[in-house]
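Asker: Numbering (this note's numbering), first residue to last: 944 to 1592.
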Amino acid sequence: MTSGTARDTRQFLIDQVLLDPQRGANASLKKPLSHISGERVHRPVIYVGMATCGRIAGADKTHAAIQEYLQDSGSDVDLVEGGCVGLCTEEPLVDVQLPGKARLSFSRVTADKVQTLLDDMLNDNLPSLPLLGQYKNPIVQQWDQVPFVEEHPFFAQQHRMLLEHCGVIDPVSAESYIAKGGYWAFADTISRHTPDQVCDIITRSSLAGRGGGGFPTGKKWAAALKAVSDQKYFVCNAFESDPGSHMNRTIIESNPHRLIEAVLIGAYAVGASKAYIFIREEFTLAVERLEKALGQAREVGLVGHHIFDSGVNIELEVKKGARAFVCGEETALISSIEGKRAMPSSKPPYPSQKGLWNKPTIVNNVETLFNVPLIMKNGVEWFRSAGTENSKGTKLFTLSGSLCYTGTAEVPMGMSFKDIIHKIGGGMATDKDFKAIVLGINSGSFITEETLDTRLDFEEMKKTGASLGSGAFVVLDQNVCMVDLARFFTAYFQKESCGKCIPCREGTARMLEVMENVTRKPDKEKSFQTLERFKGVMQLKSLASVISETSLCSLGKSSPNAILNVLKYFKEEFDAHIFERKCAANVCTDLKDFFIDVDACTGCTACFKKCPVDAIIGSPRYPHFIVQDKCIGCGICYDVCKFNAVIVK
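1) Among K1217, E1204, Y1435 and V1426, which one has its Cα closest to the Cα of K1320?
2) Would you please verify whether the beta carbon of K1585 is less than 8 Å from any beta carbon of chain D?
3) Whole angstroms is fine: what's the gap from S1188's alpha carbon to D1557's?
4) Whose C-beta lies closer than 7 Å to the C-beta of G1155 among residues of the same chain, with five residues either side of it excluded?
5) Does the Cβ-Cβ distance between N1508 and G1479 come in under 8 Å?
6) Rounding to the nearest angstrom, what Cα-Cα distance links R1503 and V1323 in this structure?
7) Under 8 Å, do I1363 and I1144 count as touching if we go by C-beta distance?
8) With distances taken from CA atoms, which of Q1421, I1009, A1275 and V1489 is nearest K1443?
9) Let me know if L893 comes out buried or exposed under the rule of 16 or more other beta-carbons within 10 Å of its beta-carbon.
10) Hey, Q1421 and K1302 are a contact pair by Cβ (cut 8 Å); roughly how many whole angstroms apart?
11) Tell me whether E1034 sits in a helix, a strand or coil according to DSSP, three-state version.
12) Using the DSSP secondary-structure output, state which residues sit across from R1398 in a beta bridge.
13) Does the contact criterion of 3 or more C-beta pairs under 8 Å hold for the segment 1121–1136 versus the segment 1167–1186?
14) Just curious, the alpha helix (DSSP H) that R1241 is in, first and last residue?
15) If I follow the unbroken alpha helix (DSSP H) through Q1140, where does it start and stop?
16) Given that a residue counts as buried once 16 or more other Cβ atoms are within 10 Å of its Cβ, and exposed if not, what is A968?
17) Looking at the strands, I want to know which residues DSSP matches up with V1381.
18) By Cβ distance, which residues of its chain are closer than 8 Å to R950, with the 5 residues on each side in sequence left out?
19) Drop a sphere of 10 angstroms on the beta-carbon of I999, count the other beta-carbons inside from all chains shown, and report buried for 16 or more, exposed for fewer.
20) Looking only at its own chain, which residues have a Cβ that is under 7 Å from the Cβ of S971, when we skip the five neighbours before and after it?
21) Rounded to the nearest angstrom, what separates H1006 and V991 at their Cα positions?
22) State the CB to CB distance for the pair I1490 and G1450, rounded to an integer number of angstroms; the pair is presumed to be in contact (CB under 8 Å).
23) What number of angstroms, rounded off, separates the C-alpha of K1405 from the C-alpha of T1349?
24) If distances are taken between C-alpha atoms only, which option among C1441, D1518 and R1448 comes closest to R1476?
25) Grouping DSSP H, G and I as helix and E and B as strand, with all else coil, what is A1131?
26) Find the nearest neighbour of V1255 within the set F1158, A1130, F1091 and F1377, judged by alpha-carbon distance.
27) Taking C-beta to C-beta, are E1528 and V1423 nearer than 8 Å?
28) Answer with buried or exposed for W1164, where buried requires no fewer than 16 other C-beta atoms within 10 angstroms of its C-beta.
29) Three or more C-beta pairs closer than 8 Å, one from the segment 1088–1102 and one from the segment 1355–1373: is that the case here?
30) Kindly list the residues whose CB is nearer than 7 Å to the CB of E1516, restricted to its own chain and excluding five residues on each side of it in sequence; keep chain order.
31) Distance check for E1225 and N1044, CA to CA, integer angstroms please.
32) For G1017, count the other beta carbons within 10 Å of its own beta carbon; 16 or more makes it buried, fewer makes it exposed. Which is it?
33) Assign Q1174 to one of three DSSP states: helix, strand, or coil.
34) Report yes if the C-beta distance between P1081 and S1050 is below 8 Å; otherwise report no.
35) Taking 7 Å as the cut-off, does the CB of L1074 come closer than this to any heavy atom belonging to the ligand GDP?
36) Is F1340 helix, strand or coil when you go by DSSP?
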């Protein structure tokens, strides 16, 4: 491409994709231009939130009901399978935009509500259904007395940079993405900047890795650019193996073209002619949309040889991997792409020096890369204007647990964890008090009542001993047993260990054994178990220290964190399990004691019939009793009793 101005490159994109009649005639790219920009439409458009979260909530049935309605009525309406706006508690979401009117978003639209919704909307009437709000649009008429979506409590305090188009545009429409300014940054970059200049821009922006480590992205890229090699690689880590987070999956399903653009810019910046997006095969919808978007980008000429006559060659491939937590570690990921067993290797040398097939390789996660086109498009100062002195930009979180609003949220750096809970999450969903925030399995970090005012800042979090983690944000109330949670974390790491290094393979197994002894009643016939329990607990800290210091990868190094943090913040709860053999939250099954209140028991025999070990005695219509020596604490009696006669102590 010979042009040298931003306007020239953008106009070139528009001419090539939106206005070229030859490309527009292609079936895979042909889209009704009436709705690609999302600003003004010439016929009604219906958007159904069809990301994974929406489908779980029933969006498939809603979409099918809409299709049937439109077919029966013969209405001239565009139906778009959209992504996710982030507010998963309100799914399924259905947006409707009429010609000349602002776009409306309706929440919890199940299949049985479709007829009411469309009967009213297609006749220009506002239905009496749950309404999320209307989107601000200065060039069309706004609906009277309808709040704006941006004013909803979940969205009002967010700073939506990465999520700006998620759930708004058609995720698998190159035209829709380009009409919103997509691929402009890439076109400008390869025509106006050298790779060294791109690395410098990213460095000056202070973009830090969002995978948990917070390493400066520009510094990482510059190291790979300076490396001398006949071949370099760029890899996007879209694996997202932490079970508490799904925000990367959400944004891929909702806006895959931005990820493709980001990878192309990154590959150009480090001098890589081959790039990969490594993703879990189980992410079926994300893979499907990503591959479709990549096919469109390749067809338009954004991927491949001599891109836009610029002399730049970048091949991009979606690489699917099997489910394994260790694949999220960059050296294990590289081994998997090479066709080997996913096992980590020691560092140094780092992948930027010797990575994929022993060539310089950059590995960045999805969220980090999503920032890149925005920085290249809007400038360094624009990005640095958000955040704190030490931490710039925003952070994506998967809000879950005991919150009123759950889903994917984009939080400005500098916001306190307390504000995230109350201003974005809507506060606690139960009448139980707040207990802790879990920032992902891979970090094992807890934010407690004492540290709840901590701001979202890499340096401030280090001072509290917490790590940002992958983006999981699980809010716990007093019903959660922290000791049992630590046991669960340990069991997860033990199962996911690749087995390569002894500290992780054997250490996690030993920690799990200790935690199971802590949360389990001792067998009365084996008196030495008490001694084993105390001995194991006494060795727990030193064992954790050895595992953390000597494990090969971050999986092993972080595996003791949950236990150490429980000992640090919830020691009294740990002590109660060890010494009193009590679980205050009544979660640890083996430590539960079940009793029957003789005054409340009617002798209905429901518990007697369901007890699997015959630990309940009594006659019909007379109070029953539980034989403690036989009781295994399964809780079936508690579940089946209709008179609240079974008590847990």
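By construction, the Cβ of each residue, glycine as well, lies at the ideal position given by its N, Cα and C atoms.
Answerer: Quick look at the numbers:
1) Counting from one through the sequence shown, the residue named residue 1320 turns up at place 377. When C-alpha distances from K1320 are compared across K1217, E1204, Y1435 and V1426, the shortest belongs to E1204.
2) In the structure shown, chain D cannot be found, because there is only a single protein chain.
3) Taking the sequence shown and counting its residues from 1, one reaches residue 1188 at position 245. Taking the sequence shown and counting its residues from 1, one reaches residue 1557 at position 614. Distance between the alpha carbons of S1188 and D1557: 42 Å.
4) By 1-based counting over the sequence shown, the position of residue 1155 is 212. Excluding residues within five positions, the ones whose Cβ falls inside 7 Å are N1385, S1386, S1410, L1411, G1412 and S1413.
5) Translated into positions along the sequence shown, residue 1508 becomes position 565. Translated into positions along the sequence shown, residue 1479 becomes position 536. Cβ atoms of N1508 and G1479: not closer than 8 Å.
6) Position 560 of the sequence shown, counting from 1, holds the residue named residue 1503. Position 380 of the sequence shown, counting from 1, holds the residue named residue 1323. Here residue 1503 turns out to be Pro, not Arg, going by the sequence shown. Rounded to whole angstroms, the separation of the alpha carbons of V1323 and P1503 is 39 Å.
7) Mapped onto the sequence shown, residue 1363 falls at position 420. Mapped onto the sequence shown, residue 1144 falls at position 201. No; because the gap between Cβ atoms is not below 8 Å, this pair is not in contact.
8) Numbered from 1 along the sequence shown, position 500 holds the residue referred to as residue 1443. Considering only alpha carbons, the answer is A1275.
9) Past the edges of the chain, shown from 944 to 1592, lies residue 893, and the structure says nothing about it.
10) Here residue 1421 is taken as the residue at index 478 of the sequence shown, counted from 1. Here residue 1302 is taken as the residue at index 359 of the sequence shown, counted from 1. Rounded, the Cβ-Cβ distance is 52 Å, inconsistent with contact.
11) Taking the sequence shown and counting its residues from 1, the one referred to as residue 1034 is at position 91. The answer is coil: DSSP assigns E1034 none of H, G, I, E or B.
12) To locate residue 1398, count along the sequence shown from 1; it is residue 455. Per DSSP, S1359.
13) Too few Cβ pairs lie closer than 8 Å, so no.
14) The residue labelled residue 1241 in the question sits at position 298 within the sequence shown. Counting along the chain, R1241 sits inside the alpha helix (DSSP H) bounded by residues T1227 to V1243.
15) For the purposes of this step, residue 1140 is taken as residue 197 along the sequence shown, with counting starting at 1. Per DSSP, Q1140 belongs to the alpha helix (DSSP H) from P1138 to S1148.
16) Mapped onto the sequence shown, residue 968 falls at position 25. Legend: pLDDT at A968 = 37, less than 50; position of this residue unreliable, no value from coordinates given.
17) Position 438 of the sequence shown holds residue 1381. Note: V1381 is bridge-paired with F1389 and V1417 in the DSSP secondary-structure output.
18) Here residue 950 corresponds to residue number 7 of the sequence shown, with the count starting at 1. Residue placement at R950 cannot be trusted, given a pLDDT of 49 that sits under 50; what the coordinates show is reported in the next sentence. Nothing meets the Cβ criterion.
19) Position 56 of the sequence shown holds residue 999. It counts as exposed.
20) In the sequence shown, residue 971 corresponds to position 28, counting from 1. Unreliable positioning characterises S971 in this predicted model, as indicated by a pLDDT of 46, which lies under 50. A coordinate reading is not provided.
21) Taking the sequence shown and counting its residues from 1, one reaches residue 1006 at position 63. Taking the sequence shown and counting its residues from 1, one reaches residue 991 at position 48. Between H1006 and V991, the C-alpha separation is close to 7 Å.
22) Here residue 1490 corresponds to residue number 547 of the sequence shown, with the count starting at 1. Here residue 1450 corresponds to residue number 507 of the sequence shown, with the count starting at 1. Yes, I1490 and G1450 are in contact; Cβ-Cβ is about 4 Å, under 8 Å.
23) By one-based count along the sequence shown, residue 1405 stands at place 462. By one-based count along the sequence shown, residue 1349 stands at place 406. Distance between the alpha carbons of K1405 and T1349: 26 Å.
24) On the sequence shown, residue 1476 is found 533 positions in, with the first residue counted as 1. It is D1518 whose Cα lies nearest to the Cα of R1476.
25) Taking the first residue of the sequence shown as position 1, residue 1131 is located at position 188. Going by the sequence as given, residue 1131 is Asp instead of Ala. Here D1131 sits in helix by DSSP.
26) By 1-based counting over the sequence shown, the position of residue 1255 is 312. Nearest C-alpha to V1255: A1130.
27) One-based indexing of the sequence shown puts residue 1528 at position 585. One-based indexing of the sequence shown puts residue 1423 at position 480. Looking at the sequence shown, residue 1528 is not Glu but Ala. Going by C-beta atoms, A1528 is nearer than 8 Å to V1423.
28) As a first step, residue 1164 must be located in the sequence shown, where it is residue number 221. Label assigned to W1164: buried.
29) Touching, yes.
30) Looking up residue 1516 in the sequence shown gives position 573. Around E1516: M1425, V1426 and A1527.
31) Numbered from 1 along the sequence shown, position 101 holds the residue referred to as residue 1044. Numbered from 1 along the sequence shown, position 282 holds the residue referred to as residue 1225. Correcting the residue type first, residue 1044 is Lys in the shown sequence and not Asn. Counting only the Cα atoms, E1225 lies some 39 Å from K1044.
32) The sequence position of residue 1017 within the sequence shown is 74, counting from 1. Around the Cβ of G1017, a 10 Å sphere holds fewer than 16 other Cβ atoms; the residue is exposed.
33) For the purposes of this step, residue 1174 is identified with residue 231 of the sequence shown, where counting begins at 1. Correct three-state label for Q1174: coil.
34) Sequence index remark: in the sequence shown, residue 1081 carries index 138 (1-based). Sequence index remark: in the sequence shown, residue 1050 carries index 107 (1-based). Not in contact: P1081 and S1050 (Cβ atoms no closer than 8 Å).
35) For the ligand GDP, the structure offers nothing, since it holds no ligand at all.
36) Position 397 of the sequence shown holds residue 1340. Correct three-state label for F1340: strand.
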